[in-house]
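The structure appears right after this line, and notes come after that.
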Amino acid sequence: MSERLRAAQVLDRTRAEDRAALIGYLPVGYADLAGSIDAARTLIDHGADMIELGLPYSDPVMDGPVIQRAATSALAGGIRNRDVITAVEQLSGRGAAILVMSYWNPVLAYGVDPFARDLAAAGGAGLITPDLIPDEAGEWLEASEAHGLDRVFLVAPSSPPDRLQHVVAHTTGFVYAASTMGVTGTRASVSAATEGLVERTRAAGAANVCVGLGVSTGAQAAEVGAYADGVIVGSAFVRTLLQAQDEGCGGDLRALADVADDLRSGVERARRAPGGARA
Amino acid sequence: MTVPDLSRPSGDLRSQTGPYFGSFGGRFLPEALVPALDELSEVYEKAVVDPEFIAELQRLAEEYTGRPSLLSEAPRFSKLAGGARILLKREDLNHTGSHKINNVLGQALLTVRMGKKRVIAETGAGQHGVATATAAALFGLECTIYMGEEDTRRQALNVARMRLLGAEVVPVTHGSRTLKDAINEAFRDWVTNVESSNYIFGTVAGPHPFPTLVRDLQRIIGEEARAQVLDRTGRLPDAVVACVGGGSNAMGIFHAFLDDTEEGGTVRLIGCEAAGDGADTPRHAATVNRGTPGVLHGARSFVLQDEDGQTIESHSISAGLDYPGIGPEHAWLAEIGRAEYVPISDAEAMDAFALLSMTEGIMPAIESAHALAGALRLGKELGEGAVILVNVSGRGDKDVHTASEWFGLLDGDPADGSDDGTEPAGADATGTDGAPRHGRADLAPLLELARTTMDAATAGTEEDA
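Which chain is which? The protein sequence lines are A and B, in order.
Under this note's numbering, the first sequence is numbered contiguously, ending at residue 279.
Under this note's numbering, the second sequence is numbered contiguously, ending at residue 1465.
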């Protein structure tokens, strides 16, 4: 079994470095299993502090067209739930915490406790659950306690104080704050209201709050990294992989490395740039 | 007439209000939508005890929908059903042509109460989309309808209807391009535009409060029908039969009968699932018979899924039943054995579609034809003296093109001199007059069968029942 790195350990480290963590999302199995593992390794080698491995699902209601396309392709390529455990195994022990992001039904089909057991044994840090709210998570609360896994629940700009408290109380690792109302995808700008959401989530008791949805450039990462504990990037990476595939050079990960470098430099300078200092 | 009753009934089974029905139901959706679901629950709970809301719903039911809907005898069709007396609850006669309007008017009123100016909806056959577009026109709301691209082809007429009613119709081009993908896309729109928009969900599935809310707004069907059957026959029916996709028309007509479980006099509740090519083939939508418990579209229920929990695409000739999930209350009724769910194939449904048309002059929606096929089967089992109530949930105008292809009525038809090129190579002619028409089934034997009911019917023997 690999040495397991949990999300909070990584966030303690990046906090000591006075910067936000860079968290990269990739769907397992795009363009194939080995390709997705290579891509995740590239992200780790180019500055990602944590990896979120998406488990492709047939009905991803929180995902926009970019991630949908990659997930659909991964499923068509025959990817199975078990493959995400293999990917975690191969990616742990490289200095990044490895999380899985999955819609709830594939985890139910695998069996909640068996999934938690296998994820922990593979060296995984925990699970992000976009369509599971703590109110429905009884089985997962138990399994994650039993196997020592991070439970990453989401909050959104629409979340009122009582929901923020409820989510924070059931979360371990970090709270995933969705920057906008909407689905995954790149956006021209990150909503100015995001900082307020992060503040409200901290006020509700969260030790760590990471921001996702819509962050795709180093400039956006610098902006968000000034106030968030972590910056989560998905569609920008996946779009780069799709483009490489469309241009017939799917195995060439240099463009992906460039995107990661740009984002890493964003979180590096976030709190050093003039006016970017944390209050 | 029966007043819309949204109060909490006292019966053991009728009193269930979610979020769980047994172990089914719940809210498996992004946190971002929780406030909207809470708001909808809250506005609804206030509305059901508000006499103004009930009065407005009643006024619309009478003046706009045309309620109460009729209960029609079907004497010739009954002869094909082993002589059992078939009674038809005529939701097809509602404004917009199906039961969907009952739900939509209620949810549109709630939208106005929430101060939202835009509604979104998913649709399969187009019946819910047409009903929503209609309500949006009535209440002056912006309206966007998501419809799988495959369904926009099958139901082109309804797409035109929605557009003529002022709605935007968005064809959904990913996944299986049918109802399930339209629901995914509607949820994506809702999570993005939740402040301005209300999602008018069309069936008794989805996250709480939709299964309860939609059922309550459809309960009027069963409440009217139960009183009408008692009034007409002096007793309760032996069975109530309805088609089941997501399950709103079935829950609507079943609900009033849930607690009619007296020893020896239990009213059987029978949901007819779409079995496509057959429940034992890979192409069907028989969710209760062939599905397993899982989470889809916000609720735990039966789902057609593989061993990894990936949704399996469903298949049915009927776009409205072509759905790999089912409402959680149905899953619970199946589990406790209160309702039975039977698979009806495309072929059985299309036979019933033609037979009801030919024997009664009532052309049902292909969805509803599944229930009629179930009634034919059940009537032969129960025989003379039995009373079977069937929900004719919608009318079949939208399905004439599909039926024409099925029975080979269009290609090579001398009447239009055209050939739509759809006939399979080497197929036998199936036209009633020997013209070179080609379909999957032959109308002629059905016409012969329908004719066998003529003499007795014209002799006026309805008095016997």
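Note that the Cβ used here is the ideal one computed from N, Cα and C, for glycine as well.
Predicted, not measured: the structure shown is a model, and the values here were computed from it.
What's the C-alpha gap between residue i and residue j?
| i | j | result |
| --- | --- | --- |
| His1128/B | Lys1079/B | 33 Å |
| Ala260/A | Glu199/A | 27 Å |
| Val88/A | Gln220/A | 28 Å |
| Gly1206/B | Glu1122/B | 12 Å |
| Asn1193/B | Gln9/A | 37 Å |
| Ile1200/B | Asp18/A | 47 Å |
| Gly1426/B | Tyr110/A | Any reading at Gly1426/B must be qualified, since the residue scores a pLDDT of 49, below 50, and its modelled position is unreliable; no value is offered. |
| Ser1015/B | Gly1379/B | 31 Å |
| Asp1413/B | Ala34/A | The predicted model places Asp1413/B with a pLDDT of 47, which falls under 50 and marks its position as unreliable; any figure quoted below should be read in that light. Roughly 57 Å between the two C-alpha positions. |
| Ala1256/B | Leu1269/B | 11 Å |
| Leu256/A | Gly248/A | 15 Å |
| Gly1148/B | Gly1202/B | 15 Å |
| Glu1263/B | Leu1033/B | 44 Å |
| Ala1117/B | Ile1183/B | This sequence places Lys at residue 1117/B; Ala is not what is there. For Lys1117/B and Ile1183/B, the distance between alpha carbons rounds to 20 Å. |
| Ala1465/B | Leu1376/B | Note that Ala1465/B scores 44 on pLDDT, short of 50, meaning its location in the model is unreliable and no value can be drawn from it. |
| Glu1063/B | Arg1090/B | 17 Å |
| Asp1050/B | Ile1253/B | 24 Å |
| Leu1447/B | Gln1228/B | 31 Å |
| Val84/A | Phe153/A | 20 Å |
| Arg1008/B | Val1390/B | 25 Å |
| Asp1012/B | Ala1334/B | 16 Å |
| Asp118/A | Gln243/A | 33 Å |
| Asp32/A | Ile128/A | 22 Å |
| Leu1230/B | Glu1348/B | 30 Å |
| Leu1037/B | Leu1213/B | 11 Å |
Comparing C-alpha positions only, which one of the options sits nearest to residue i?
| i | options | result |
| --- | --- | --- |
| Ser1197/B | Ala1186/B, Glu1263/B, Asp1442/B and Ile1221/B | Ala1186/B |
| Cys1272/B | Val1244/B, Ile1253/B and His1297/B | Val1244/B |
| Ser1393/B | Ser1010/B, Gly1025/B, Asp1012/B and Ser1098/B | Ser1098/B |
| Ala156/A | Val167/A, Glu139/A and Gln9/A | Val167/A |
| Glu268/A | Val10/A, Thr14/A, Pro60/A and Asp45/A | Thr14/A |
| Asp1260/B | Thr1281/B, Asn1249/B, Pro1293/B and Glu1223/B | Glu1223/B |
| Thr1266/B | Ile1326/B, Ser1345/B, Pro1211/B and Gly1337/B | Gly1337/B |
| Tyr25/A | Arg271/A, Arg239/A and Ala193/A | Arg239/A |
| Gly1385/B | Thr1233/B, Glu1056/B, Ala1225/B and Leu1088/B | Thr1233/B |
| Ile67/A | Ala120/A, Ser235/A, Thr171/A and Asp59/A | Ser235/A |
| Thr1065/B | Asn1102/B, Val1342/B and Thr1173/B | Asn1102/B |
| Ile1312/B | Ala1319/B, Gly1325/B, Asp1346/B and Gly1320/B | Gly1325/B |
| Gly1018/B | Phe1210/B, Ala1274/B and Ala1285/B | Phe1210/B |
| Leu75/A | Gln90/A, Asp59/A and Leu253/A | Asp59/A |
| Ala1131/B | Ala1444/B, Leu1389/B, Arg1118/B and Asn1094/B | Asn1094/B |
| Ala1061/B | Asp1277/B, Leu1109/B and Asp1280/B | Leu1109/B |
| Thr1096/B | Asp1346/B, Asp1038/B, Leu1165/B and Glu1056/B | Leu1165/B |
| Leu132/A | Ser102/A, Ala116/A, Glu145/A and Ala120/A | Ser102/A |
| Leu1071/B | Ile1362/B, Arg1451/B and Thr1453/B | Ile1362/B |
| Glu1150/B | Arg1161/B, Thr1144/B, Gly1124/B and Ala1135/B | Gly1124/B |
Within 7 Å: the Cβ of residue i and any heavy atom of the ligand ZN?
| i | result |
| --- | --- |
| Ala1084/B | In terms of ligand content, the structure shown is empty, and the ligand ZN therefore cannot be addressed. |
Task: Cβ contact (3+ pairs, closer than 8 Å) linking the region 205 to 222 of chain A and the region 185 to 192 of chain A - done: Contact between the region 205 to 222 of chain A and the region 185 to 192 of chain A is present, because at least three Cβ pairs lie under 8 Å.
- [ ] With 7 Å as the C-beta to C-beta threshold (strictly closer), list the residues of the region 84 to 115 of chain A near chain B in chain order.
- [x] Those residues of the region 84 to 115 of chain A that come within reach of chain B (Cβ to Cβ, closer than 7 Å) are Trp104, Asn105, Pro106, Leu108 and Ala109.
TODO: May I ask you to verify whether the region 1071 to 1088 of chain B touches the region 1351 to 1363 of chain B, counting CB pairs closer than 8 Å and requiring at least 3?
DONE: When C-beta atoms of the region 1071 to 1088 of chain B are compared with those of the region 1351 to 1363 of chain B, three or more pairs fall below 8 Å, so the two segments count as touching.
- [ ] Mind checking the region 1023 to 1056 of chain B against chain A and listing, in chain order, the residues whose C-beta falls within less than 9 Å of any C-beta there?
- [x] Taking 9 Å as the Cβ-Cβ cut-off against chain A, the residues of the region 1023 to 1056 of chain B that qualify are Gly1026, Arg1027, Phe1028, Leu1029, Pro1030, Glu1031, Ala1032, Leu1033, Val1034, Pro1035, Ala1036 and Asp1038.
Task: Sufficient close CB pairs (3 or more, under 8 Å) joining the region 1296 to 1311 of chain B to the region 1367 to 1380 of chain B - done: Contact between the region 1296 to 1311 of chain B and the region 1367 to 1380 of chain B is absent, because fewer than three Cβ pairs lie under 8 Å.
- [ ] Please list the segments of the alpha helix (DSSP H) lying wholly inside the region 1132 to 1202 of chain B, counting only runs of 4 or more residues, in order along the chain.
- [x] For the region 1132 to 1202 of chain B, whole alpha helix (DSSP H) runs of length 4 or above, ordered along the chain, are 1149 to 1154, 1156 to 1164 and 1179 to 1193.
Open item on the list: For the region 1176 to 1189 of chain B, list every residue whose C-beta sits within 7 Å of some C-beta in chain A, in sequence order.
Closed with: Within the region 1176 to 1189 of chain B, those residues whose Cβ lies closer than 7 Å to any Cβ of chain A are, in chain order, Lys1180, Asn1184, Phe1187 and Arg1188.
TODO: Kindly provide the ranges of any beta strand (DSSP E) runs that are 3 or more residues long and lie completely inside the region 1058 to 1142 of chain B, ordered along the chain.
DONE: Secondary structure in the region 1058 to 1142 of chain B: the beta strand (DSSP E) runs of 3 residues or longer, each lying completely within the stretch, are 1071 to 1073, 1085 to 1090 and 1118 to 1123 in chain order.
Task: Continuous alpha helix (DSSP H) assignments of at least 4 residues falling wholly in the region 1206 to 1258 of chain B - done: The qualifying runs are 1210 to 1233 and 1248 to 1254.
Open item on the list: Three or more C-beta pairs under 8 Å: does that hold for the region 1212 to 1219 of chain B against the region 87 to 103 of chain A?
Closed with: Three or more Cβ pairs closer than 8 Å define a contact, and the region 1212 to 1219 of chain B falls short of that threshold against the region 87 to 103 of chain A.
Task: Contact list for the region 166 to 187 of chain A against chain B, Cβ threshold 7 Å - done: Here the close residues are Val167, Ala178, Met181, Gly182 and Val183.
Open item on the list: Ignoring anything shorter than 4 residues, give me the alpha helix (DSSP H) runs that lie fully in the region 1303 to 1388 of chain B, in order along the chain.
Closed with: Taking only runs of at least 4 residues, the alpha helix (DSSP H) segments lying wholly in the region 1303 to 1388 of chain B are 1328 to 1335, 1346 to 1360 and 1366 to 1382.
Open item on the list: Across the region 137 to 148 of chain A and the region 174 to 187 of chain A, are there enough close Cβ pairs to call them in contact, namely three or more that are closer than 8 Å?
Closed with: Result no; under three Cβ-Cβ pairs closer than 8 Å.
Open item on the list: Taking contact to mean 3 or more Cβ pairs, one atom from each stretch, closer than 8 Å, check whether the region 1317 to 1333 of chain B and the region 1020 to 1027 of chain B are in contact.
Closed with: Between the region 1317 to 1333 of chain B and the region 1020 to 1027 of chain B there are three or more inter-stretch CB-CB distances shorter than 8 Å, so the stretches are counted as touching.
- [ ] Could you list the residues in the region 1293 to 1304 of chain B with a C-beta less than 9 Å from some C-beta on chain A, going in chain order?
- [x] Within the region 1293 to 1304 of chain B, Pro1293, Gly1294, Val1295, Leu1296, His1297, Gly1298, Arg1300 and Val1303 place their CB atoms closer than 9 Å to a CB of chain A, listed in sequence order.
TODO: Below 8 Å between beta carbons is the criterion; list the residues of the region 131 to 142 of chain A that meet it against any residue of chain B, in chain order.
DONE: Cβ contacts with chain B: Asp131, Leu132, Ile133, Asp135 and Glu136.
Task: Contact between the region 1145 to 1162 of chain B and the region 26 to 46 of chain A (3+ Cβ pairs under 8 Å) - done: Taking a cut-off of 8 Å for Cβ pairs, the region 1145 to 1162 of chain B and the region 26 to 46 of chain A do not touch, as fewer than three such pairs fall below it.
- [ ] Identify each residue in the region 1310 to 1340 of chain B for which the Cβ-Cβ distance to at least one residue of chain A is less than 9 Å, and report them in chain order.
- [x] Within the region 1310 to 1340 of chain B, the residues whose Cβ lies closer than 9 Å to some Cβ of chain A are Gln1310, Thr1311, Ile1312 and Glu1313, listed in chain order.
Task: Sufficient close CB pairs (3 or more, under 8 Å) joining the region 1172 to 1192 of chain B to the region 1130 to 1141 of chain B - done: With the cut-off at 8 Å, the region 1172 to 1192 of chain B and the region 1130 to 1141 of chain B do not touch.
Open item on the list: If the cut-off is 8 Å on Cβ atoms, which residues from the region 33 to 58 of chain A count as contacting chain B, listed in chain order?
Closed with: If the cut-off is 8 Å between Cβ atoms, the region 33 to 58 of chain A has Tyr57 and Ser58 near chain B.
Task: Residues of the region 221 to 236 of chain A with Cβ closer than 8 Å to any Cβ of chain B, in chain order - done: Contact residues of the region 221 to 236 of chain A toward chain B are absent (C-beta to C-beta distance below 8 Å).
- [ ] Closer than 9 Å, Cβ to Cβ, to anything on chain A: give me those residues from the region 1069 to 1099 of chain B, in chain order.
- [x] Here the close residues number zero.
Open item on the list: Against chain B, which members of the region 144 to 167 of chain A pass a CB distance test of less than 8 Å?
Closed with: Answer in chain order: Phe153, Leu154, Val155, Ala156, Pro157, Ser158, Ser159, Pro160, Arg163 and Val167.
- [ ] May I have a chain-ordered list of the beta strand (DSSP E) segments no shorter than 3 residues that lie completely inside the region 31 to 105 of chain A?
- [x] List check, beta strand (DSSP E) in window: 50 to 54 and 97 to 101.
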